[in-house]
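Working notes, structure below.
Rendered as structure tokens:
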């Protein structure tokens with residue numbers, strides 16, 4: 001979760017030429033404050049919505065929702081959808097869609113499970129220390145291959161991504177079933193299981209504090225570097241108070257999250273759980289994907305293609321190859337999510353990941369990614385995933401039954417996008 | 429759903445009285461039939477033969493009976509397509525089948541084919557899944573009993589305490605059949621009005637501390653729900669009644685993360701290899717298993733009787749006589765056909781076999797039947813003293 005709180009600063013660190021602040025001091029309105037802090041108002045709005053949801057559920061569940069234990073659960077439960085949503089952002093930004101992620105998750109989970117339960121033990125023996133590496137590596141390669149295959153059809157054969165991945169949704173579900181004739185593959189390799197969290201799948205209390213402090217140092221360093229760079233290129237400086245507020249809030253949120261996760265002890269002991277591996281993976285993926293989207297040529301190209309495909313092509317961007325890469329990227333992320341899901345469940349079934357495509361797309365869209373392309377942020381998608389999972393977990397705590405849960409998630413999706421659309425029109 | 433459950437009960441119970449008189453006669457009939465079946469042909473229409481189970485268990489058991497009786501077996505595979513299956517049945521009829529066994533992809537879409545068969549005087553056995561027609565003899569397992577067996581096994585371990593109920597998909601009628609059976613056993617055994625979440629009975633020794641449907645029976649959803657129930661109750665959960673083995677796997681994973689696996693009894697159904705392994709390891713208490721071999725053998729036996737001209741009402745099957753290993757699947761209501769009213773209000777003739785609750789004591793049953801391999805069931809650190817099948 002700490003990457004989420006660090007996100008506004010990371011995003012804001014991009015030097016953007018803004019007109020110099022007016023010399024006459026006016027009374028600071030809320031929007032004025034937000035503007036001088038260069039906060040993304042949509043992300044800010046989402047965080048406020050998340051806070052309202054959390055407080056609401058906490059009251060509704062008699063104080064259970066905001067316990068360290070539930071927030072820890074929530075962080076782990078969010079991980080698979082969060083990991084996939086970061087890739088979905090780039091796919092949607094490039095004006096495509098991937099409906100096959102849920103079925104792909106089943107195929108990749110099944111492949112990794114069969115590999116480690118049936119194949120690797122016959123080559124290397126049971127409980128070999130390399131089992132999890134080989135299984136995960138094979139899953140990632142297979143995920144990239146499936147993504148490249150679908151992406152190539154979309155990019156080079158010009159078949160709409162909706163159709164290609166709708167086909168994929170059916171095909172990969174069938175393949176997952178055929179791989180083991182519908183059997184459940186279990187139990188998995190003990191090391192592989194820790195990828196999904198569980199009793200041994202956490203980094204522990206001290207390591208969590210170390211990570212949190214490193215993250216705080218990173219936030220401050222980014223702020224300082226950003227000021228220095230702006231001064232060097234003579235861009236407008238953010239007022240010092242704004243940088244200080246961002247720094248204090250950012251580091252406070254990171255340390256707070258670490259404190260919450262560390263106050264949930266391992267069952268039967270006083271030892272702190274700390275961050276679970278799947279959450280560490282989600283944060284690492286989030287940081288990497290944010291970097292990829294904002295700071296690399298590939299990321300710029302994806303946004304350029306989404307903004308105006310013809311112009312991007314005429315501008316000399318290899319649009320087709322770039323699209324294939326976005327699909328490969330989401331394939332790799334689905335493989336990681338599949339490892340988390342199967343590791344967590346300690347089993348692979350052909351029904352794994354059903355409806356995940358919708359939750360992943362919902363997370364990206366709730367997080368401000370525009371289905372018409374060109375707009376979207378990675379931190380937004382992670383917060384979107386957290387919002388969607390909070391709704392589901394919270395409703396279970398309150399004893400709301402499954403059909404009603406689906407209704408609420410559906411309504412929230414539509415309302416979130418409606419609000420976003422209205423907001424965007426007003427800004428224009 | 430409860431009225432239907434009651435009807436199932438009524439259907440099963442109504443013929444109890446005259447069971448004794450007819451059982452002997454039927455045995456004699458079957459004997460006689462075994463000697464001279466002429467050159468009968470039985471056609472079987474599978475809905476989707478790709479599923480491992482049908483070839484491994486059901487068809488194998490059917491063929492054994494047909495071979496013993498000297499009956500010719502022909503079959504078709506509809507590949508999950510209801511339209512294809514209608515054509516398949518017509519095809520089997522033109523190939524000269526004297527009786528049909530139909531595993532319906534869609535119990536309503538198959539009706540034209542069943543009517544066509546009836547018009548030509550060819551009797552039909554609806555196999556495993558209901559065909560909503562009085563022209564088809566209904567042979568299946570007792571789904572309400574599955575729920576009862578799950579609850580019974582859990583109640584034996586935990587007669588009082590906090591229960592969690594992990595139910596199946598809300599759109600699937602079976603989810604409520606199972607829950608109905610569980611409710612019936614628990615209310616009666618504990619002497620409560622209900623064990624629903626809003627139980628008005630304050631003296632009930634069983635407290636329902638969490639109950640939830642599970643989208644698509646998905647194990648990962650069951651796991652998340654179980655985590656929430658554990659959080660909500662601060663781990664004070666004494667027993668979990670899960671409706672199938674996949675979801676039981678999710679529940680056990682959630683319990684394991686809290687160090688509670690093996691301490692909290694968990695139920696399931698299907699006899700999944702992974703679940704039977706959990707039973708051996710002690711992390712799951714029971715997996716209710718439907719012996720597909722017994723079902724296949726019973727269907728073959730019924731089809732032969734029908735092909736020889738027996739009326740639906742005269743049908744009687746002694747599964748133990750076919751193979752002593754099938755004894756525990758024998759219908760609770762006795763071997764004779766009985767009336768059964770379907771959820772759609774159609775009165776059909778049926779035989780309803782008994783499922784088997786598999787625990788550590790009788791783990792050998794699915795192994796002996798050839799349903800699973802011993803090394804799969806007994807994989808890992810199994811306490812062989814407690815699990816005779818793994819010695």
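Chains as they are written, first to last, in the numbering used here: chain A, 1 to 428; chain B, 429 to 819.
Note that the Cβ used here is the ideal one computed from N, Cα and C, for glycine as well.
Chain B within 9 Å of residue i, Cβ atoms only
{"i": "residue 344 (chain A)", "result": "yes"}
{"i": "residue 239 (chain A)", "result": "no"}
{"i": "residue 154 (chain A)", "result": "no"}
{"i": "residue 420 (chain A)", "result": "no"}
{"i": "residue 311 (chain A)", "result": "no"}
{"i": "residue 406 (chain A)", "result": "yes"}
{"i": "residue 1 (chain A)", "result": "Legend: pLDDT at residue 1 (chain A) = 39, less than 50; position of this residue unreliable, no value from coordinates given."}
{"i": "residue 379 (chain A)", "result": "no"}
{"i": "residue 115 (chain A)", "result": "no"}
{"i": "residue 326 (chain A)", "result": "no"}
{"i": "residue 206 (chain A)", "result": "no"}
{"i": "residue 353 (chain A)", "result": "yes"}
Collapsed DSSP secondary structure at residue i in the structure displayed
{"i": "residue 641 (chain B)", "result": "coil"}
{"i": "residue 303 (chain A)", "result": "helix"}
{"i": "residue 233 (chain A)", "result": "coil"}
{"i": "residue 772 (chain B)", "result": "coil"}
{"i": "residue 459 (chain B)", "result": "Because the pLDDT at residue 459 (chain B) is just 43, under 50, the model does not fix this residue reliably, and the value given afterwards should be weighed accordingly. Here residue 459 (chain B) sits in helix by DSSP."}
{"i": "residue 39 (chain A)", "result": "coil"}
{"i": "residue 354 (chain A)", "result": "coil"}
{"i": "residue 372 (chain A)", "result": "coil"}
{"i": "residue 500 (chain B)", "result": "strand"}
{"i": "residue 203 (chain A)", "result": "coil"}
{"i": "residue 415 (chain A)", "result": "helix"}
{"i": "residue 715 (chain B)", "result": "strand"}
{"i": "residue 756 (chain B)", "result": "helix"}
{"i": "residue 24 (chain A)", "result": "Confidence at residue 24 (chain A) is low in this model, with a pLDDT of 49, below 50, so its placement is unreliable and the value that follows should be read with caution. The answer is coil: DSSP assigns residue 24 (chain A) none of H, G, I, E or B."}
{"i": "residue 377 (chain A)", "result": "coil"}
Any C-beta of chain A under 9 Å from that of residue i
{"i": "residue 639 (chain B)", "result": "yes"}
{"i": "residue 677 (chain B)", "result": "yes"}
{"i": "residue 799 (chain B)", "result": "no"}
{"i": "residue 688 (chain B)", "result": "yes"}
{"i": "residue 703 (chain B)", "result": "yes"}
{"i": "residue 505 (chain B)", "result": "no"}
{"i": "residue 794 (chain B)", "result": "no"}
{"i": "residue 625 (chain B)", "result": "yes"}
{"i": "residue 681 (chain B)", "result": "yes"}
Extent of the continuous beta strand (DSSP E) to which residue i belongs
{"i": "residue 470 (chain B)", "result": "469-474"}
{"i": "residue 613 (chain B)", "result": "Counting along the chain, residue 613 (chain B) falls outside any beta strand (DSSP E), though it belongs to the alpha helix (DSSP H) covering 601-618."}
{"i": "residue 799 (chain B)", "result": "Premise fails: residue 799 (chain B) is in no beta strand (DSSP E) and is neither H nor E."}
{"i": "residue 696 (chain B)", "result": "695-697"}
Span of the alpha helix (DSSP H) around residue i
{"i": "residue 593 (chain B)", "result": "Element bounds for residue 593 (chain B): not the alpha helix (DSSP H) but the beta strand (DSSP E), 589-594."}
{"i": "residue 568 (chain B)", "result": "Here residue 568 (chain B) belongs to no alpha helix (DSSP H); instead the beta strand (DSSP E) covers 564-569."}
{"i": "residue 170 (chain A)", "result": "161-180"}
{"i": "residue 510 (chain B)", "result": "510-522"}
{"i": "residue 133 (chain A)", "result": "131-156"}
{"i": "residue 555 (chain B)", "result": "Premise fails: residue 555 (chain B) lies in the beta strand (DSSP E), 552-555, not in any alpha helix (DSSP H)."}
Check whether residue i and residue j have beta carbons under 9 Å apart
{"i": "residue 694 (chain B)", "j": "residue 716 (chain B)", "result": "no"}
{"i": "residue 529 (chain B)", "j": "residue 731 (chain B)", "result": "yes"}
{"i": "residue 95 (chain A)", "j": "residue 366 (chain A)", "result": "no"}
{"i": "residue 794 (chain B)", "j": "residue 805 (chain B)", "result": "yes"}
{"i": "residue 770 (chain B)", "j": "residue 560 (chain B)", "result": "yes"}
{"i": "residue 585 (chain B)", "j": "residue 711 (chain B)", "result": "no"}
{"i": "residue 777 (chain B)", "j": "residue 750 (chain B)", "result": "no"}
{"i": "residue 92 (chain A)", "j": "residue 376 (chain A)", "result": "yes"}
{"i": "residue 89 (chain A)", "j": "residue 336 (chain A)", "result": "no"}
{"i": "residue 754 (chain B)", "j": "residue 727 (chain B)", "result": "no"}
{"i": "residue 641 (chain B)", "j": "residue 598 (chain B)", "result": "yes"}
{"i": "residue 531 (chain B)", "j": "residue 471 (chain B)", "result": "no"}
Residues of the region 388-403 of chain A in Cβ contact with chain B at a cutoff of 7 Å, in chain order, please. 393, 396, 397, 399, 401, 402, 403
Identify each residue in the region 592-619 of chain B for which the Cβ-Cβ distance to at least one residue of chain A is less than 7 Å, and report them in chain order. Result list: 598.
Taking any Cβ of chain B, which residues in the region 183-197 of chain A have a Cβ under 8 Å from it, in chain order? Going along the region 183-197 of chain A in chain order, one finds 183, 184, 185, 186, 187, 197 with a Cβ nearer than 8 Å to chain B.
Using Cβ-Cβ distances below 8 Å, what residues of the region 69-96 of chain A are close to chain B? 69, 70, 73, 77
Of all the residues that make up the region 644-661 of chain B, which are near chain A by a beta-carbon distance shorter than 7 Å? 644, 646, 647, 648, 651, 652, 653, 655, 656, 659, 660
Counting only Cβ-Cβ distances shorter than 8 Å, please list the residues of the region 470-504 of chain B near chain A, keeping chain order. 478, 479, 480
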